[in-house]
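Protein chains in written order, with the numbering used here: chain A, 4 to 610; chain B, 4 to 610.
Backbone N, C-alpha and C define an ideal beta-carbon position, used for all residues, glycine too.
On a predicted model such as this, the values are computed, not experimentally measured, just so you know.
Read the structure below first, then the notes.
2 protein chains.
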Amino acid sequence: MKRALPATPERRPAFDPSSAIPVTETRFARLELPPGGFRLEKGGVLPRVDVAYETAGTLSPERDNVVLVCHALTGDAHVCGRRRWESAASGWWSDMVKPGGGIDLDRYFVVCANVLGGCMGTTGPSSVDPGTGEPWGSRFPEITVADIVDVQFLLMRQLGFGHVHAVVGGSFGGMQALCFAVRHPGFADKVAVIASGPSLTSQALAFDVVGRNAIEQDPDFRGGDYYGGPRPAGGLAIARELAHITYLSGEMMKKKFGRRRRDAPQAGGPIFEVESYLRHQGAKFIGRFDANSYLRICGAMDDFDLEKQAGGSLAAAFAPVKARALVVALEGDWLFLPRQSEALAGGLLAAGKDVSAFRLDAPSGHDSFLIHTGELSSVLAAFLLREPSRPTAAIDPDLVRDYEALERMLPQRARTVLDVACGDGTLLDFVARRRPELDGTGIDLSVPRAVRTLRGGHNVMLADADAGLSAVPDDAFDCAILSESLQVMRRPDRVLEELLRVAPVAIVSFPNFGMWKIPAALLFGGRMPVTKRLPYRWYDTPNIHLCTVKDFLDLCRDRGIVVEETLHLSTLALSKILNRLGAKNLGSSRVIVKIRRGASGANPRQP
Amino acid sequence: MKRALPATPERRPAFDPSSAIPVTETRFARLELPPGGFRLEKGGVLPRVDVAYETAGTLSPERDNVVLVCHALTGDAHVCGRRRWESAASGWWSDMVKPGGGIDLDRYFVVCANVLGGCMGTTGPSSVDPGTGEPWGSRFPEITVADIVDVQFLLMRQLGFGHVHAVVGGSFGGMQALCFAVRHPGFADKVAVIASGPSLTSQALAFDVVGRNAIEQDPDFRGGDYYGGPRPAGGLAIARELAHITYLSGEMMKKKFGRRRRDAPQAGGPIFEVESYLRHQGAKFIGRFDANSYLRICGAMDDFDLEKQAGGSLAAAFAPVKARALVVALEGDWLFLPRQSEALAGGLLAAGKDVSAFRLDAPSGHDSFLIHTGELSSVLAAFLLREPSRPTAAIDPDLVRDYEALERMLPQRARTVLDVACGDGTLLDFVARRRPELDGTGIDLSVPRAVRTLRGGHNVMLADADAGLSAVPDDAFDCAILSESLQVMRRPDRVLEELLRVAPVAIVSFPNFGMWKIPAALLFGGRMPVTKRLPYRWYDTPNIHLCTVKDFLDLCRDRGIVVEETLHLSTLALSKILNRLGAKNLGSSRVIVKIRRGASGANPRQP
């Protein structure tokens with residue numbers, strides 16, 4: 004059992020390799036346990052642990068392309084592919100884990116195991132207790148996410164994978180991925196956490212409570228010892244119907260069912276389509292899932308609380324982490340909230356870790372990570388890349404001049420740099436070539452641009468800098484850059500303060516509205532000026548807060564911001580002459596200013 | 004029974020009349036029904052209908068100050084005040100309905116009745132069926148919101164109130180208020196609908212479905228004929244626990260319970276505080292409510308669908324409405340969504356009705372209308388006012404000159420006018436004095452300003468004009484005004500298009516950025532100009548899209564907008580001279596332009 008099973012490369016037709024669906028099957032491993040059995044976090048002991056798992060893809064000769072996928076609450080080991088007798092993919096994440104997919108089976112060797120406490124082949128309450136020869140039932144001990152993770156860790160070691168490229172999980176799987184990063188820091192190079200959080204919210208907990216109450220008060224539940232008799236199907240169905248409401252957004256429910264009524268409702272039967280759907284989900288679930296497993300795994304999820312575990316601080320919880328982390332929030336998810344993912348990213352940053360964070364549109368809600376994998380695939384694929392992919396095309400020479408000037412202003416001792424409104428990451432690429440020791444993080448609000456930055460090997464956070472860098476803790480970076488974006492901010496003064504909150508030094512470049520061409524255009528043309536650097540019309544311009552060099556320097560003075568260096572750039576001949584004559588406010592078309600916090604060293608927000 | 008009961012004015016101590024809590028008691032009326040009994044919308048018949056109701060406040064001699072309050076799903080007639088033996092108010096809306104409250108008992112005479120199908124004194128499934136002498140149980144017929152409303156209507160007539168000043172309802176009570184407006188158009192002068200909608204959303208329906216399933220599959224339910232035996236307490240508790248989750252926002256749950264655990268949880272007992280809270284709510288409810296009543300009233304609510312009833316059009320549904328309407332959405336409400344209130348307001352506007360619409364912050368969620376009544380009180384009080392309250396203080400003479408010019412530009416035949424970014428309603432007040440035949444509606448994004456506009460007797464909609472006037476149907480008004488606010492819009496071009504979508508003619512006034520002082524300040528001062536009309540600094544100015552007169556006229560030309568009249572205003576002597584010399588672009592500090600849709604008459608969005 005110690006050796007990994009050799010991965011069988013799939014034969015695929017030559018015309019379209021990515022359309023091939025790999026054939027997968029469930030295997031079973033009995034864990035090699037120390038004498039006395041597997042000790043659980045809450046004190047229980049399991050004398051025997053069997054684990055059901057599946058693999059897909061091809062293991063590299065160096066065994067360095069393994070990705071462990073952790074499944075969600077009621078999932079199983081069948082993450083991708085089809086059975087031999089099936090013609091279509093039946094794995095629960097087949098859209099993501101496939102040749103050419105977000106987790107690309109042409110690149111990675113994927114492993115997925117059913118969790119401890121489950122009822123899909125891994126030891127759980129419906130398994131036979133070797134001590135009695137009867138199903139565990141009510142005597143199955145309480146389990147935690149740490150136990151669930153440790154069982155997978157033991158399995159992986161037994162299969163010969165003491166180290167993997169990445170651990171990926173969504174929802175409850177994301178909690179497992181987080182727990183892996185904290186409990187087994189050397190295990191994975193990368194950890195991706197999707198639609199998850201450091202714990203359940205109060206509201207999510209409340210839904211679990213009602214589901215659990217419904218099961219426990221079902222007369223057939225009999226305290227959990229129902230094996231051999233009727234099962235608590237009614238209660239389990241209610242719990243599942245309820246859970247299914249939380250997996251979809253209200254918008255998706257509206258789209259899918261609206262208020263449509265069934266054509267010919269039977270007496271006592273469902274009237275509305277949504278009613279029929281929920282009843283169907285409930286009925287399907289009681290056929291495949293065990294009520295005790297549901298209670299035990301929900302119990303582990305309800306109990307999971309990274310923050311509490313580390314004395315109330317996520318940064319402390321993340322201190323041991325070594326992996327590069329990706330945190331993905333889904334916008335329409337109301338079970339695991341975007342603010343929870345933001346808290347994860349903030350905690351990782353505060354602990355000084357490499358973090359990328361995305362917030363993707365997901366109108367369907369929580370389930371989107373399973374069913375709408377388009378954008379998520381491109382994010383995951385970029386994150387999992389083992390080598391950065393940086394475009395080598397030449398940059399606009401005008402830009403190169405700006406970038407060179409900007410790069411020269413970077414403090415010599417800086418090790419981390421944040422580029423706000425980073426675009427495609429061109430500036431970070433430029434800096435990385437000249438200063439490879441610098442660890443770059445970009446912020447942008449466009450998903451494709453952020454994905455390109457991520458592919459360049461940088462960390463990236465999808466965020467609107469204008470809404471504040473709330474996810475970024477104080478002093479998280481050595482230097483912050485805001486290049487040619489000051490004027491698009493709704494509150495440029497607050498953005499400046501934010502820059503100098505997250506880093507002691509900032510470099511800001513912006514177009515100079517005082518340049519002679521602009522008042523001249525107003526005075527003699529009678530219209531708002533349109534220039535190369537300000538090419539928009541008055542009504543659709545993103546440049547809503549233009550200023551002159553003097554305006555900017557005034558603001559710095561008023562806010563106690565120290566100006567370390569001011570560089571005037573200009574291209575027009577007349578401007579150059581004006582610059583040389585000392586009329587820099589009239590001459591320069593753009594300006595780069597290096598600023599730092601005032602002498603008091605205090606945060607500029609608290610003068 | 005035909006005569007109304009004389010309202011007993013409460014004795015209040017002289018020092019603080021509004022602190023007195025009125026004493027209220029439940030009265031009972033047996034409805035005078037036609038022979039054959041009360042015919043229900045779905046075909047059933049009730050031979051006898053008793054109604055429990057309460058009254059509070061003093062009836063005016065003219066009997067013109069009656070406000071009917073409709074209660075929510077599991078409410079009752081005890082809307083306000085205290086019982087003789089109580090020292091504190093115990094009514095479910097005591098914070099709102101009290102002397103000096105949003106529904107001011109010093110001004111209005113309030114009536115509230117328990118709904119048909121209920122279990123708080125009005126005929127319902129637990130009442131005795133006179134035909135058998137046994138409780139109705141499963142034989143109690145299906146009821147609808149129309150039946151519930153008709154019973155209240157009959158009660159009011161019987162009490163001598165064939166016409167009332169207003170009907171007010173929140174949540175399910177809001178559905179009743181809407182139904183009153185549509186079914187009995189002459190009944191009320193005003194109708195206020197709070198945190199409600201034209202129907203339940205798919206998601207809200209789904210929650211009801213799960214609750215109903217839990218009751219119906221409780222073994223003690225026995226098809227509804229459980230009277231005399233054990234009650235289906237388990238199922239009813241689950242339904243209530245679930246409903247309680249939907250009444251609170253996630254934020255409020257977080258604040259109230261977070262993930263706190265109970266100090267000494269008992270085996271099998273609740274572990275988390277939220278768990279204990281929900282169990283308590285469930286247990287409390289089964290003591291006071293009947294499962295069959297819950298199913299019947301939920302059934303009426305699930306079935307209610309104003310849109311469907313009128314062939315899919317809310318505008319058609321609202322055609323009969325005569326009352327002035329107020330629609331209030333709560334921002335944190337996820338059971339009845341703000342977009343549903345917006346749909347109500349849009350439907351009423353499309354039907355040509357007088358509508359005011361608010362969207363109030365309510366971080367607690369749906370229950371906010373019951374517990375956080377501050378802002379809601381001020382809105383309701385302003386809406387219920389029987390005479391407009393317009394300030395008579397003198398307006399800035401500068402402003403008077405603008406308003407006069409603007410008023411002269413209003414089309415002679417206009418009957419309705421929309422003032423976008425209306426502020427306190429000063430311009431609408433001004434126009435109302437000179438053109439009393441004009442029906443004014445304001446839009447503003449500040450609640451206090453919108454409330455002042457409402458108190459002035461105008462309709463008002465709380466909305467961000469910049470986000471589009473999506474709630475306003477095409478051609479809802481004869482003329483639209485945008486006074487001194489073009490430059491604060493994020494997309495002024497789109498706002499112009501919106502103005503000419505909701506009205507054929509618009510009048511727009513704005514500061515002229517081409518005025519000589521501005522380029523002069525840039526050129527000679529080197530800083531962004533600060534003037535009387537543009538008093539802000541570059542970084543915090545709301546004026547983010549400034550333009551010159553020429554710029555504005557260019558845009559109109561590009562978009563096929565016809566400019567009917569352009570008026571240049573200036574105050575400075577030099578400007579006046581420049582204006583007279585024809586250099587109006589340099590001379591005028593502000594401009595008023597009257598525009599209308601292009602010759603094609605088409606919506607400018609579809610040229």
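- Nearest to Met304/B by alpha-carbon distance, out of Leu62/B, Gly528/B, Val148/B, is Val148/B.
- Gly176/A has its alpha-carbon roughly 5 Å from the corresponding atom of Ala75/A.
- Arg87/A carries a coil assignment under DSSP once its states are collapsed to helix, strand and coil.
- Residues of the segment 187-201 of chain B whose Cβ lies closer than 7 Å to any Cβ of chain A: none.
- Its Cα nearest to that of Val52/B, the residue Leu34/B stands out among Pro64/B, Leu34/B, Val69/B.
- Chain-ordered, the chain B residues with CB closer than 8 Å to the CB of Gly253/A read Thr204, Ser205, Gln206, Trp337, Leu340.
- Put simply, the backbone Cα of Ser141/A is about 18 Å away from that of Pro273/B.
- Beta-bridge annotation (DSSP): Arg362/A is paired with Ala332/A.
- Gly200/A and Ser344/A do touch by the CB rule: their CB atoms are close to 7 Å apart, below 8 Å.
- In the three-state DSSP reduction, Pro235/B falls in the coil class, being neither helix nor strand.
- In this structure, DSSP gives Ala408/A a helical state, which the three-state scheme calls helix.
- Where Ile300/B is concerned, the enclosing alpha helix (DSSP H) starts and stops at 294-306.
- DSSP links Glu137/A through a beta bridge to Asp132/A.
- DSSP links Met255/B through a beta bridge to no other residue.
- The segment 103-130 of chain B contains, as complete beta strand (DSSP E) runs of 3+ residues, the segments 112-116 (chain order).
- Within chain A, no residue has its CB atom less than 8 Å from the CB of Trp139/B, the nearest being about 18 Å off.
- For Arg494/A, the neighbours in chain B by C-beta distance under 8 Å run, in chain order, Tyr542, Asp543.
- With contacts defined as CB atoms closer than 8 Å, Thr444/A and Phe480/A qualify as a contacting pair.
- With respect to Leu472/B, Glu501/B sits close: the two C-beta atoms are nearer than 8 Å.
- Within chain A, the C-beta atoms nearer than 7 Å to that of Pro222/B come from Pro222, in chain order.
- Linking Cys559/A to Glu410/A through their CA atoms gives a straight-line distance of about 22 Å.
- Inclusion of Val82/B and Val48/B in the CB contact set at 8 Å is not warranted, their separation being larger than that value.
- The beta carbon of Asp427/A lies closer than 6 Å to those of Arg452, Arg455 in the same chain, with the five residues before and after it left out.
- Counting only the Cα atoms, Val196/A lies some 60 Å from Asp132/B.
- Given a length threshold of 4 residues, each whole run of the alpha helix (DSSP H) inside the segment 186-225 of chain B is given here in chain order: 205-219.
- If the five residues before and after Leu309/A are omitted, its C-beta is found closer than 6 Å to the C-beta atoms of Pro201, Ala320, all from its own chain and listed in chain order.
- Those residues of the segment 551-565 of chain B placed with their C-beta closer than 8 Å to a C-beta in chain A are Thr551, Val552, Lys553, Asp554, Asp557, Leu558, ordered along the chain.
- For Asp561/A, the enclosing alpha helix (DSSP H) starts and ends at 552-561.
- Taking every protein chain shown into account, the CB of Trp88/B has fewer than 16 other CB atoms within 10 angstroms, so this residue is exposed.
- Within the DSSP bridge table, the entry for Asn462/B names Thr444/B as partners.
- Under the 10 Å beta carbon count, Arg362/A is surrounded by 16 or more other beta carbons and is classified as buried.
- According to the DSSP assignment, Asp422/A belongs to the beta strand (DSSP E) that extends over 419-423.
- DSSP places His571/A outside any alpha helix (DSSP H); the residue lies instead in the beta strand (DSSP E), whose first and last residues are 565-572.
- Going by C-alpha positions, Glu487/A is about 10 Å away from Asn515/A.
- Closer than 8 Å to the CB of Glu44/A there is not a single CB belonging to chain B.
- The beta carbons of Gly253/A and Gln206/B sit about 4 Å from each other, so the pair counts as a contact at 8 Å.
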